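Colleague:
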Ligand code: ADP
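Residue numbers (my numbering): 2 to 349.
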């Protein structure tokens with residue numbers, strides 16, 4: 002601070018020095034010219050000129066800078082004008098510099114965030130249209146063939162085509178539902194409706210709902226042991242059902258024929274319950290694991306689409322678990338199997 006002070010005085014001091022030197026030379030020449038050179042008069046002249054210039058310059062410069070600084074504050078209304086006061090001008094300059102720096106830094110961060118969001122948005126829209134295109138064209142293909150007339154006459158072909166078109170529509174609905182859910186989750190629109198419920202019962206329900214799907218691949222859905230007593234947790238039941246369901250659906254989709262999906266419920270010490278869903282399916286290569294929870298991410302693009310995934314399942318799971326302030330973990334070995342686990346709060 003004192004250093005900056007010195008600096009502004011330095012400006013006035015130097016400038017006054019130059020003026021004084023210039024006038025002193027003239028004054029000396031003048032005195033010599035009129036043959037009346039007197040050292041004391043010259044010294045008095047020098048002192049007077051110096052002091053006078055110093056104060057005038059210092060005062061004028063301060064006024065000038067203050068006006069300019071004030072104009073900057075007025076123009077850039079984002080700056081906090083209240084911090085501008087009748088303090089020494091150096092303080093104002095210092096505050097202004099700091100504020101402008103802070104402002105620029107803030108803007109830089111904002112722009113970076115906007116750029117990331119913009120890229121994200123572009124990618125998201127690209128992904129959505131890509132996802133919707135395939136089933137939409139399938140449906141259109143079957144409808145056009147039916148409209149062509151040939152297939153309409155044959156009842157069997159007609160039914161087959163209509164069924165396939167319907168499958169396409171179902172897939173569209175499934176994707177749109179997932180998109181709707183993820184948008185709600187990302188906007189933070191999803192209010193959690195927490196209650197106490199038995200997680201064992203919920204898992205049993207999901208087992209029942211997915212029994213058909215699992216039996217097609219002869220995959221057994223089991224607990225690691227018999228849970229004789231309820232395990233009460235405090236969470237949004239509907240959303241947790243979605244989490245368990247998405248994870249078990251994945252274990253079936255990416256499970257081997259004749260495989261097993263095993264669910265384990267463990268009580269942890271810190272009032273938490275850990276739910277582990279283990280399969281002996283295809284497994285995931287290490288390089289893909291960090292990206293698994295990204296929207297639309299799929300390890301095997303073609304294979305997974307065959308399985309009917311939208312690539313949103315795991316990102317929905319992550320959002321829900323994190324909305325509960327809980328954590329989700331994944332461990333997987335390629336060719337051996339995967340384990341997805343997440344924590345929940347025990348009911349008190
Ligand atoms: P999808 O709709 O494609 O299943 P998800 O978000 O649910 O999308 O999963 C992302 C990807 O993670 C899947 O495409 C799949 O490659 C991989 N994945 C998820 N769960 C498992 C699992 N249990 N075993 C092996 N791979 C899995």
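Glycine included, each C-beta is placed from N, C-alpha and C at the ideal position.
Since this is a predicted model, take the numbers as computed values, not measurements.
For residue 268, which residues does DSSP report across the bridge?
Modeller: Paired residues: 274.
Colleague: Where does residue 253 land, buried or exposed, given buried means 16+ other C-beta within 10 angstroms?
Modeller: It is buried - the Cβ of residue 253 has at least 16 other Cβ atoms within 10 Å.
Colleague: Mark residue 196 as exposed unless 16 or more other C-beta atoms lie within 10 angstroms of its C-beta, in which case mark it buried.
Modeller: Label assigned to residue 196: exposed.
Colleague: Can you name the start and end residues of the beta strand (DSSP E) that residue 235 belongs to?
Modeller: Element bounds for residue 235: 233-237.
Colleague: Return the chain-ordered list of same chain residues with a C-beta closer than 6 Å to the C-beta of residue 267, the five sequence neighbours on each side being excluded.
Modeller: Closer than 6 Å at Cβ, skipping near neighbours: 275.
Colleague: Where are the alpha helix (DSSP H) runs, 4 residues long or more, that stay fully inside the region 300-349, in chain order?
Modeller: With a minimum length of 4 residues, the continuous alpha helix (DSSP H) runs that stay inside the region 300-349 are 302-307 and 314-324.
Colleague: When you compare the CB positions of residue 240 and residue 174, do they come within less than 8 Å of one another, or not?
Modeller: Cβ atoms of residue 240 and residue 174: not closer than 8 Å.
Colleague: Which partner residues of residue 221 appear in the DSSP bridge assignment?
Modeller: The partner list for residue 221 (beta bridge, DSSP) reads 261.
Colleague: Since residue 350 is in the alpha helix (DSSP H), which residue starts that stretch and which ends it?
Modeller: It is not possible to answer for residue 350, since the shown part of the chain is limited to 2 through 349.
Colleague: Please list, in chain order, all residues of the same chain as residue 282 whose beta carbon is under 7 Å from its beta carbon, the five residues on each side excluded.
Modeller: So the list reads 252, 255, 256, 257, 260, 338 and 339, once near-sequence residues are dropped.
Colleague: Where do the N-terminal and C-terminal ends of the alpha helix (DSSP H) with residue 298 fall, by residue?
Modeller: Premise fails: residue 298 is in no alpha helix (DSSP H) and is neither H nor E.
Colleague: Which one of 60, 156, 37 and 166 has the shortest CA to CA distance from residue 16?
Modeller: The candidate whose alpha carbon is nearest that of residue 16 is 60.
Colleague: For residue 225, which residues from the same chain have a beta carbon less than 6 Å from its beta carbon, with the 5 sequence-adjacent residues on both sides left out?
Modeller: 263 and 265, listed in sequence order.
Colleague: Nearer than 7 Å: is that true of the beta carbon of residue 244 relative to any heavy atom of the ligand ADP?
Modeller: Checking every heavy atom of the ligand ADP against the Cβ of residue 244, none is found closer than 7 Å.
Colleague: Beta-carbon within less than 7 Å of residue 176's beta-carbon, same chain only, minus the 5 sequence neighbours each way: which residues are those?
Modeller: Taken in chain order, the residues that qualify are 132, 133 and 311.
Colleague: Starting from residue 286, trace the alpha helix (DSSP H) in both directions and tell me its first and last residue.
Modeller: No alpha helix (DSSP H) holds residue 286; DSSP gives it neither H nor E.
Colleague: Quick one: give me the first and last residue of the beta strand (DSSP E) that residue 198 is part of.
Modeller: Segment 195-199, the beta strand (DSSP E) holding residue 198.
Colleague: Would you call the CB atoms of residue 278 and residue 341 closer than 8 Å?
Modeller: Going by C-beta atoms, residue 278 is nearer than 8 Å to residue 341.
Colleague: Am I right that residue 327 and residue 345 are in contact with their C-beta atoms under 8 Å? What's the rounded C-beta distance?
Modeller: The pair is a contact, with the Cβ atoms about 6 Å apart (cut-off 8 Å).
Colleague: The ligand MN and residue 181: does any heavy atom of the ligand fall closer than 7 Å to the residue's C-beta?
Modeller: You won't find the ligand MN in this model; what it holds is the ligand ADP.
Colleague: Decide if residue 217 is buried, meaning its Cβ has at least 16 other Cβ atoms within 10 Å, or exposed.
Modeller: Flag for residue 217 reads exposed.
Colleague: Tell me the residue span of the alpha helix (DSSP H) that contains residue 191.
Modeller: Here residue 191 belongs to no alpha helix (DSSP H), and DSSP marks it neither H nor E.
Colleague: Suppose contacts are defined by Cβ-Cβ distances below 8 Å. Is residue 316 in contact with residue 295 by that definition?
Modeller: Yes, they are a contact pair.
Colleague: Look up residue 149 in the DSSP assignment and say whether it is helix, strand or coil.
Modeller: Looking at residue 149 - three-state DSSP - the assignment turns out to be helix.
Colleague: Could you give the DSSP three-state label for residue 280: helix, strand or coil?
Modeller: Residue 280 falls in the strand class under three-state DSSP.
Colleague: Locate the alpha helix (DSSP H) running through residue 74, then write down its first and last residues.
Modeller: Note, residue 74: alpha helix (DSSP H), 40-76.
Colleague: Let me check understanding here. Comparing Cα to Cα, which of 65, 182 and 343 lies closest to residue 269?
Modeller: Closest by alpha carbon: 343.
Colleague: Does any heavy atom of the ligand ADP sit closer than 7 Å to the C-beta of residue 298?
Modeller: Yes, the Cβ of residue 298 comes within 7 Å of a heavy atom of the ligand ADP.
Colleague: What is the DSSP secondary structure of residue 1, reduced to helix, strand or coil?
Modeller: Lying before the first or after the last residue shown, residue 1 is absent from the chain, which here runs from 2 to 349.
Colleague: Tell me whether residue 238 counts as near the ligand ADP, meaning its Cβ is closer than 7 Å to at least one heavy atom of that ligand.
Modeller: Flag unset: Cβ of residue 238 not near the ligand ADP.
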